[in-house]
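Notes follow the structure.
Okay, here's the thing in structure tokens:
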């Protein structure tokens, strides 16, 4: 009944009229050899010990155990995969299931806004489009652009604010 352990010192619990009595595995074997009543008693493993149980509990336990084994064998045969298999002390395998993608409604709204922005950008002059492209797409600083165009950084900033206000009005239409 016990595997790979010192069988003589393992604990068993037998049912008595007053509850359970704790004995060693060696004592259980001795009682089985001397008392016929002990040969028909049913035990199942529980946290490294043997626990005497009713015939019904014994059948239910091993029926559930066989069912679990059957399910595991079928899963292995079918190549089933469980995210729980990835769980370790440091990582919960089910965390992989978290959907971090943008919700569909937000994707649709973003697409609509981007389409409106593209249309509004086409309504700007070529110079205005160029400045917006340089600031927001090329990520050039206002100071760098001021040096490139030979004007002050304040002038570039004022022009940017003016263009952004124009875009805002175009987007509200």
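In my numbering, the protein residues as written are 4 to 176. From the three backbone atoms N, C-alpha and C, an ideal C-beta is built for every residue, glycine too.
Pair within 8 angstroms by beta-carbon distance, residue i and residue j
| i | j | result |
| --- | --- | --- |
| residue 169 | residue 127 | yes |
| residue 134 | residue 166 | yes |
| residue 163 | residue 145 | yes |
| residue 46 | residue 59 | no |
| residue 137 | residue 148 | yes |
| residue 107 | residue 96 | no |
Reference residue i, options the options, closest by Cα
| i | options | result |
| --- | --- | --- |
| residue 13 | 141, 63, 26, 22 | 26 |
| residue 65 | 49, 78, 79 | 49 |
| residue 19 | 57, 122, 158, 151 | 57 |
One or two residues paired with residue i in a DSSP bridge
| i | result |
| --- | --- |
| residue 119 | Bridge partners of residue 119: none, in fact. |
| residue 55 | 46 |
| residue 15 | 26, 53 |
Inter-residue CB distance, residue i and residue j (contact presumed, cutoff 8 angstroms)
| i | j | result |
| --- | --- | --- |
| residue 52 | residue 16 | 7 angstroms |
| residue 28 | residue 35 | About 10 angstroms; that fails the 8 angstroms criterion. |
Own chain residues within Cβ distance below 6 angstroms of residue i, not counting five before or after
| i | result |
| --- | --- |
| residue 112 | none |
| residue 7 | Because the pLDDT of residue 7 is 45, which lies under 50, any placement of that residue in the model is unreliable, and the number read from its coordinates should be weighed accordingly. Same-chain partners within the cutoff: there are none. |
| residue 159 | 145, 148, 149 |
8 angstroms Cβ shell around residue i - same chain, five flanking residues per side excluded
| i | result |
| --- | --- |
| residue 76 | none |
| residue 30 | 15 |
| residue 62 | none |
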